[in-house]
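Single-structure report; data block below.
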Amino acid sequence: MRKNTLYYLTFSLVSMVSYGQKMFTTTDSGDLLALDYGNYLNLNDIQLEHKSVAMDFTSLLNSSTFGFGVDYTNHSLDFEDYDRFHDYSAFNELHSVELYARYKTNLVNNWDLNLTVAPYVSSTFNEAISTDDFVLNYAVNFLKTWDNDGLKSTLKLGAGYGSLFGAPNFYPLVSYSQNVSEKLRYEIGLPVTGVFYKLNAQSSLDFKAEPESIYANNVSGFRTETDGVVYNSKLEFKAVKLGLGYKFHFDDNWSTYFNMGYTMASELSLIDNDNTIYDFDSNESVALNIGISFNINKK
């Protein structure tokens with residue numbers, strides 16, 4: 486067993502180095518330890534990659550009502566040609582630490598209520614943390630479930646606040662999901678629309694459209710091209726990603742995930758309050774993601 490576990494871990498880590506890209510995506514499964522690596526190949530001469538680790542301890546509470554977890558993400562940016570004309574090194578490394586708590590309760594007629602609160606700090610950490618580094622994400626939604634001979638359908642209605650689409654703002658949580666068969670499911674709505682297909686007991690495919698975003702604060706003084714100095718400037722990245730993903734379960738504990746996608750409507754800029762300091766005119770880009778997760782509730 487130990488030999489197999491080492492093999493699975495080695496296989497996944499080699500895949501991360503070979504392909505580069507994403508690792509952790511928030512799921513409803515809970516009870517996991519997940520690693521993720523991601524890479525955007527070309528955002529108009531800007532290289533962007535991220536590495537993250539997440540731990541969800543929901544099942545350890547032995548309760549279907551409460552859940553909690555933590556995740557850390559590091560974004561690395563290489564401004565390449567832009568650095569020849571101006572110094573953007575203050576934004577080369579971005580760090581994000583998020584704590585989240587979930588609450589779920591059954592209502593009536595197969596309706597559920599879900600609440601999530603997720604405070605996080607997102608910063609360059611070039612100087613001491615300030616209040617501008619903190620963002621409070623929260624969301625509430627109602628979920629209606631139907632069961633038609635074992636094939637479930639769900640309707641989600643709600644709203645959230647946070648940096649899901651870039652700078653913190655309110656956004657809708659509206660979607661309809663239906664299991665067409667035991668293998669095929671589709672979901673239409675916001676923030677995710679996609680088709681999900683189970684190939685067999687170990688493998689599955691998905692094709693999704695979903696938002697990608699970064700929002701991080703830089704406490705230290707940033708000198709603009711006009712020689713002004715701005716404190717608490719922000720880097721904002723937002724895009725829509727179309728991606729084809731493949732997930733493989735080695736066993737009840739280990740699984741790995743690979744995704745190849747394409748970002749559209751991407752925007753990368755430095756801002757001061759609502760004013761744009763610099764717009765990098767980011768291009769559409771190929772995005773590669775790979776991840777590995779371990780179910781910490783399985784023995």
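486 is the number of the first residue of the sequence shown in the numbering used here; add one for each residue after it. Just so you know, even glycine gets a beta-carbon here, dropped at the ideal spot from N, CA and C. Owing to the predicted nature of the structure, the values given are computational and were not obtained by experimental measurement.
Check, Outcome
"Own chain partners of TYR747 with C-beta closer than 8 Å, once the 5 adjacent residues on each side are dropped", "LYS726, LEU727, GLY728, GLU769, SER770, VAL771, ALA772"
"CB of ASN717 within 7 Å of CB of ASP572, strictly", "no"
"Buried or exposed by the 16-neighbour rule on C-beta atoms within 10 Å, applied to VAL620", "buried"
"Within the segment 532-576, ranges of the beta strand (DSSP E) (whole runs, at least 3 residues)", "532-541, 551-563"
"Residue burial classification, PHE551 (beta-carbon count within 10 angstroms, cutoff 16)", "exposed"
"Burial state of LEU712 (16 or more Cβ within 10 Å)", "In the sequence as presented, Leu is not what sits at residue 712; that position holds Asp. When all chains shown are included, ASP712 counts as exposed."
"Unbroken beta strand (DSSP E) run spanning PRO696, endpoints", "688-703"
"Short Cβ contact (7 Å threshold) for LEU533 with LEU562", "yes"
"Supposed contact pair THR609 and GLU578 - C-beta distance, whole angstroms, cut 8 Å", "7 Å"
"N- and C-terminal bounds of the beta strand (DSSP E) containing PRO653", "Taken as a continuous stretch (DSSP letters only), PRO653 belongs to no beta strand (DSSP E), as it is neither H nor E."
"Residues sharing a beta bridge with PHE619, DSSP", "VAL606"
"As assigned by DSSP and simplified to three states, the class of GLU721", "strand"
"Contact check, ASN664 vs LYS637, beta carbons under 7 Å", "yes"
"Rounded C-alpha distance that separates THR678 from SER662", "9 Å"
"Alpha-carbon to alpha-carbon, ALA701 and MET540", "22 Å"
"Beta-ladder partner(s) of ALA586, from DSSP", "PHE553, VAL602"
"Extent of the continuous beta strand (DSSP E) to which ILE756 belongs", "739-757"
"Local Cβ density within 10 Å of GLY554, reported as buried at 16 or more and exposed below that", "buried"
"Cβ-based burial, ARG587 [other Cβ within 10 Å; buried from 16]", "buried"
"Residues near ILE614 in its chain [Cβ-Cβ closer than 8 Å; skip 5 each side]", "VAL606, SER608, VAL704"
"Helix, strand or coil at SER666 according to DSSP, with G and I counted as helix", "coil"
"For GLU710, the nearest candidate out of PRO657, LEU755, ILE699 (CA to CA)", "LEU755"
"One or two residues paired with ALA519 in a DSSP bridge", "ALA539, SER778"
"GLU672 - DSSP class collapsed to helix/strand/coil", "strand"
"Selected residue, minimal CA-CA separation from ILE531, among PHE627, SER574, ASP521", "SER574"
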